[in-house]
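Heads up, the thing below is written out as structure tokens.
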Amino acid sequence: MKVIIADKISERGVQLLKEQPGWNVVLTTKDNLNVEMADADALIVRSATKVTAELLELAPKLRAVGRAGVGVDNIDLEAATKRGVLVMSTPGGNAVSVAEHTFALLLALARQVPRLDKAIHEGRWEKSTAAGTEVRGKTLGLIGLGRIGSEVAVRAEAFDMRVLAYDPFISEAAAREVSVELVPLDILLAQSDFVSLHTALSPATLNLINSSTIAKMKKGARVINAARGELIDEAALAAALKSGQLSGAAVDVFAEEPPKNSPLIGLSNFIATPHVAGSTTEAQEEVGTQVAVQIKDSQRGELARTFCRSVPARAALSRAGRAPRVAGFASRGDTPGAHPHSLCGRSGRGRHAPAPQRGARRRPQCSAG
Ligand code: MLT
Numbered sequence: 058m059k060v061i062i063a064d065k066i067s068e069r070g071v072q073l074l075k076e077q078p079g080w081n082v083v084l085t086t087k088d089n090l091n092v093e094m095a096d097a098d099a100l101i102v103r104s105a106t107k108v109t110a111e112l113l114e115l116a117p118k119l120r121a122v123g124r125a126g127v128g129v130d131n132i133d134l135e136a137a138t139k140r141g142v143l144v145m146s147t148p149g150g151n152a153v154s155v156a157e158h159t160f161a162l163l164l165a166l167a168r169q170v171p172r173l174d175k176a177i178h179e180g181r182w183e184k185s186t187a188a189g190t191e192v193r194g195k196t197l198g199l200i201g202l203g204r205i206g207s208e209v210a211v212r213a214e215a216f217d218m219r220v221l222a223y224d225p226f227i228s229e230a231a232a233r234e235v236s237v238e239l240v241p242l243d244i245l246l247a248q249s250d251f252v253s254l255h256t257a258l259s260p261a262t263l264n265l266i267n268s269s270t271i272a273k274m275k276k277g278a279r280v281i282n283a284a285r286g287e288l289i290d291e292a293a294l295a296a297a298l299k300s301g302q303l304s305g306a307a308v309d310v311f312a313e314e315p316p317k318n319s320p321l322i323g324l325s326n327f328i329a330t331p332h333v334a335g336s337t338t339e340a341q342e343e344v345g346t347q348v349a350v351q352i353k354d355s356q357r358g359e360l361a362r363t364f365c366r367s368v369p370a371r372a373a374l375s376r377a378g379r380a381p382r383v384a385g386f387a388s389r390g391d392t393p394g395a396h397p398h399s400l401c402g403r404s405g406r407g408r409h410a411p412a413p414q415r416g417a418r419r420r421p422q423c424s425a426g
């Protein structure tokens, strides 16, 4: 059994795989990945490695791809499904980290932290120009109320924000659990002071924030995106930031990463970080371990024994018997909100995470089973 680890995952995850009797665990670089694929049974990636149809062609024995992270947009799901390769991701493993980063961006926007920090370093004391805004009493609109969106909602409540969400896959009852009001997209856009994106990239969500949806937003609203860059039409966002239709935007993701020609770069009311929302020690430890357990279980025909059991994965199990050969965790996502996050409750915590702290009582538990 040969497992290729193409992108860096936690040492604990690597160890777990190495401990399996008879398993050959190979840590590759981009340069020798193609050669190593020839006799690989399983492949583990993060976001850097693109699992294309061409790469899959090179691996006739491949049975599983594990993505240490949430989004599977770097994997050609159709090609994987055609070849009978199971694709798994680790929804929840970095949900808290991404939610916390979303709040970092939101508060940085509200209080203009980067501009003021830069001024201090450049020797200016810009106290008189620092007209920030409180978030208390403001409306936060979440597009996508899966694991990450729900973690954001829980934190927003502590800031006394009113939280709306648009997510066609979430029930009213589940939204109520996190004190969120489910509304149609147009209402969310019209009423929100802050709009934050927490949905997967799919044909239906590509450029979801564009000139027409921006026109429906409250004048002076702010946009946050720690999900996928392609959810936003960057030219339309830049125009709205220049015209004042939007007063600010903060993103962790770009359509092209690193951004080369983004019209957003250089705008004074635009804040950005380099796709690091999930990059905490805790989240990387969690997703690395989760993906290793998933690969181990899938190879033993014990798929979905651990973590939340995804609806597609369970359907796949019953169709294909012990070891389904379809894109399991990743086979949905063609509609706004249809994110892997949304598939099985929103605890946002894997079994390796510490026990929930006080105040976490309203987080719905993972509905495995
Ligand atoms: C994810 O999909 O898990 C996040 O975007 C984190 C990442 O890929 O770096």
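To convert, count from 1 in the sequence shown and add 57; that's our numbering. For each residue, glycine too, the CB sits at the ideal point set by N, CA and C.
Taking the C-alpha atoms as reference points, what is the distance between residue i and residue j?
i, j, result
"P397", "M145", "With a pLDDT of only 36 at P397, under 50, the local geometry of the prediction cannot be trusted, and no value is derived from it."
"V280", "A121", "37 Å"
"T256", "N267", "15 Å"
"D98", "W182", "59 Å"
"G141", "G180", "60 Å"
"A272", "Q302", "8 Å"
"L254", "I200", "5 Å"
"K118", "K59", "10 Å"
"V235", "E114", "44 Å"
"G150", "E343", "5 Å"
"D96", "I289", "39 Å"
"G402", "A116", "Because the pLDDT at G402 is just 31, under 50, the model does not fix this residue reliably, and the value given afterwards should be weighed accordingly. About 34 Å."
"T106", "N318", "22 Å"
Hey, would you say residue i sits closer than 9 Å to residue j, going by beta carbons?
i, j, result
"D250", "K275", "yes"
"L221", "Q248", "yes"
"L100", "A63", "yes"
"A306", "E287", "no"
"R103", "I132", "no"
"A334", "H158", "yes"
"L163", "L197", "yes"
"G79", "A349", "no"
"T147", "Q351", "yes"
"V129", "V155", "no"
"A137", "V108", "yes"
Measure from the alpha carbon of residue i to the alpha carbon of each residue in the options, then state which is nearest.
i, options, result
"E111", "T346, G123, M94, A152", "M94"
"G194", "P315, D217, H178", "D217"
"N282", "D133, S325, L166", "L166"
"A261", "V252, D224, V240, G277", "D224"
"L242", "S259, L202, R233, A231", "L202"
"L294", "E314, K107, P320", "P320"
"V211", "V153, K175, T190", "V153"
"E314", "D174, T106, F327, H332", "H332"
"T186", "T106, L173, A278", "L173"
Consult DSSP for residue i and reduce its assignment to one of helix, strand or coil.
i, result
"V71", "helix"
"F216", "coil"
"R376", "At R376, the pLDDT of 32 sits below 50, so the modelled position is not reliable; the number obtained from the coordinates is stated separately. It is helical."
"T196", "strand"
"S367", "Model confidence at S367 stands at a pLDDT of 32, short of 50, so the residue's coordinates are unreliable and nothing is read from them."
"A247", "helix"
"L221", "strand"
"G123", "strand"
"F311", "coil"
"S146", "strand"
"K317", "coil"
"V60", "strand"
"G345", "helix"
"V153", "helix"
"L324", "coil"
Does chain B have any CB closer than 9 Å to the CB of residue i?
i, result
"V155", "The chain labelled as chain B is not found in the depicted structure, where only one protein chain is given."
(message) Runs of 3 residues minimum, wholly inside the segment 84-119: which ones carry the beta strand (DSSP E) assignment?
(response) Runs found: 99-102.
(request) Output the residue ranges of the beta strand (DSSP E) runs that lie fully inside the segment 250-282 and measure 3 residues or longer, sorted by chain position. (result) 251-254, 278-282
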